[in-house]
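**Student:**
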Amino acid sequence: FTFYKVIGKNYLSIEFAWDYQIPKLSLGHVSIYLESLFAKTQRCEYMYLSAGYEQCSLYKADYPGFQWWKGYEWSDDVDKFKQLCYDDEKVEIRNFANT
Numbered sequence: 527f528t529f530y531k532v533i534g535k536n537y538l539s540i541e542f543a544w545d546y547q548i549p550k551l552s553l554g555h556v557s558i559y560l561e562s563l564f565a566k567t568q569r570c571e572y573m574y575l576s577a578g579y580e581q582c583s584l585y586k587a588d589y590p591g592f593q594w595w596k597g598y599e600w601s602d603d604v605d606k607f608k609q610l611c612y613d614d615e616k617v618e619i620r621n622f623a624n625t
């Protein structure tokens, strides 16, 4: 399934999920392609591919025109984005309630 929202002239891809038992299908890429066609029919000027985190989001940097939100400005620094995704994999979550 795909969950999206059109806000003005912007297409926001919020969530995409599928059965990951056959990853070689690359349905995420198919979904982005179909969503981009839909966004064009809605006359959207920009398409946002939701959040970027961990290595599962690295593919987003491969699309032409890729930019990411730094919290205060847009950046097209692909190397920095990828490094942050790799670093995000290293974050440990600890349950302090049981300590």
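Counting from 527, one number per residue, gives the positions in the sequence shown under our numbering. We put the CB at the ideal spot given by N, CA and C, even for glycine. Just so it is clear, the structure is predicted and the values come from calculations on it, not from any experiment.
(1) Should F529 be labelled buried (16 or more other beta-carbon atoms within 10 Å of its own) or exposed?
(2) Mind checking S601: buried by the 16 CB within 10 Å criterion, or exposed?
(3) Using a Cβ-Cβ cutoff of less than 6 Å, which residues in the same chain neighbour Y537 once the five nearest sequence positions on both sides are dropped?
(4) Quick one: what's got a C-beta closer than 8 Å to E561's C-beta in the same chain, skipping five residues either side?
(5) Looking only at its own chain, which residues have a Cβ that is under 7 Å from the Cβ of F542, when we skip the five neighbours before and after it?
(6) Give the secondary structure of E541 by DSSP, where H, G and I count as helix, E and B as strand, and everything else as coil.
(7) Please state the DSSP three-state secondary structure of S583.
(8) Verify whether the separation of the beta carbon atoms of K608 and A577 is less than 7 Å.
**Tutor:** Per the coordinate set shown:
(1) exposed
(2) exposed
(3) A565, C570, M573
(4) T528, Y530, Y537, S539, M573
(5) T528, G554, S557
(6) strand
(7) helix
(8) no
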